[in-house]
Amino acid sequence: MDRSSMLDHFAEELRLARAGSGMSQSALAEALSYSGALVAKVETCERRPGLDFARRCDTVFGTDGRFERIQRRISRETVVPWFRDWAGIELEATALRWFEPLYVPGLLQTEGYARAVLSGAGLFASNEIDQQVAARLDRQSVLTRDRPPLFTAVVDEYVLRRRVGGPEVMREQLAHLVKLGRTLTRVRIQVVPLSAGAYAGLDGPFVIATSTGREDVVYLEGQRHGQVVDRSEFVQQMVEVWESVRGEALSHQQSLELISEVAETWT
Numbered sequence: 001m002d003r004s005s006m007l008d009h010f011a012e013e014l015r016l017a018r019a020g021s022g023m024s025q026s027a028l029a030e031a032l033s034y035s036g037a038l039v040a041k042v043e044t045c046e047r048r049p050g051l052d053f054a055r056r057c058d059t060v061f062g063t064d065g066r067f068e069r070i071q072r073r074i075s076r077e078t079v080v081p082w083f084r085d086w087a088g089i090e091l092e093a094t095a096l097r098w099f100e101p102l103y104v105p106g107l108l109q110t111e112g113y114a115r116a117v118l119s120g121a122g123l124f125a126s127n128e129i130d131q132q133v134a135a136r137l138d139r140q141s142v143l144t145r146d147r148p149p150l151f152t153a154v155v156d157e158y159v160l161r162r163r164v165g166g167p168e169v170m171r172e173q174l175a176h177l178v179k180l181g182r183t184l185t186r187v188r189i190q191v192v193p194l195s196a197g198a199y200a201g202l203d204g205p206f207v208i209a210t211s212t213g214r215e216d217v218v219y220l221e222g223q224r225h226g227q228v229v230d231r232s233e234f235v236q237q238m239v240e241v242w243e244s245v246r247g248e249a250l251s252h253q254q255s256l257e258l259i260s261e262v263a264e265t266w267t
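Going by UniProt numbering, the sequence shown opens with residue 1, and the numbers climb by one from there.
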């Protein structure tokens, strides 16, 4: 079977198992500790089920690994394959809360910075880098559309001081951050100063997306893969991490002033 057929197969098996157990979508969602919205989208092939979701289905229905086996056969396609689910969520979001300890968030990157990041990773051929840069820049239109999401980015001060692409690229990137922070009313940029020492955010980057009529979801990005998680208890934990991280950050205005100061050092 191809990918779409396997998605259909998973969705059909899920509907049959749920019906056979006499469970509603909301009852199944509660049993799985996932949102009802996700269960509904998996049953209509609008969302690809994750491995954790499949394993929980096997546990709830006692299906001895059937859902996990189907999930593993759903082929990974390239945006980058694992990124497709998140790209759709990003477009629908009414608010995005993004923390980055190492890089400028993708939606705020200049072309030069994005190219340096993607080239430095050593994962793409030159023509693929061009495609990835173009895709990243296209995504940024979400911030300037008629009804943009409320976008809050928190970065570590180290991001401002880490040499990516050379001094000119860094100077341009930091000037771009200041411009966005001062001209886009729905964009907030905050910096956790180096003086904060160890804090919750150092465990890694994450994004929390809020959408109308849907529970919040969290996006976690790894070296070669990304994961969208919408289990309510995990999302709540990440909201707490977010609040802790923001508590260490400078205000929006103080942050823009610091970014401007650091930009001057890239000569």
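Glycine included, C-beta positions come from ideal geometry on N, C-alpha and C.
Residues that DSSP places opposite residue i in a beta bridge
i, result
"Ala153", "Trp98 and Ile189"
"Gln227", "Leu220"
"Ile70", "In the DSSP output, where bridge partners are listed per residue, Ile70 has none listed."
"Ile89", "Per DSSP, none; premise fails for Ile89."
Contact under 8 Å by Cβ, residue i with residue j
i, j, result
"Asp230", "Ser5", "no"
"Ala209", "Leu96", "yes"
"Val187", "Phe234", "no"
"Gly226", "Leu220", "yes"
"Glu111", "Leu137", "yes"
"Cys45", "Ala93", "no"
"Arg171", "Ala263", "yes"
"Phe67", "Ser21", "no"
"Val159", "Val104", "yes"
Between the CA atoms of residue j and residue i - distance to the nearest angstrom
i, j, result
"Asp8", "Leu107", "33 Å"
"Glu240", "Gly247", "11 Å"
"Trp109", "Asp64", "For the record, residue 109 in the displayed sequence is Gln; it is not Trp. Distance between the alpha carbons of Gln109 and Asp64: 46 Å."
"Ala153", "Val178", "12 Å"
"Leu174", "Phe53", "40 Å"
"Leu32", "Gly197", "38 Å"
"His252", "Glu43", "42 Å"
Counted within 10 angstroms of its Cβ, other Cβ atoms place residue i as buried (16 or more) or exposed
i, result
"Leu202", "exposed"
"Arg72", "exposed"
"Asp85", "buried"
"Pro167", "exposed"
"Arg18", "buried"
"Val116", "Checking the sequence shown, residue 116 turns out to be Ala, not Val. So Ala116 counts as buried."
"Ala125", "exposed"
"Arg56", "buried"
"Ala134", "exposed"
"Asp156", "buried"
"Gln132", "buried"
"Leu38", "buried"
Three-way DSSP call (helix, strand, coil) for residue i in this model
i, result
"Glu43", "helix"
"Thr119", "A small correction: the amino acid at residue 119 is Ser; Thr does not occupy that position in the sequence shown. Here Ser119 sits in helix by DSSP."
"Ser211", "strand"
"Phe206", "strand"
"Arg171", "helix"
"Trp242", "helix"
"Thr267", "coil"
"Leu184", "coil"
"Gln132", "helix"
"Met23", "coil"
"Asp64", "coil"
"Ser251", "coil"
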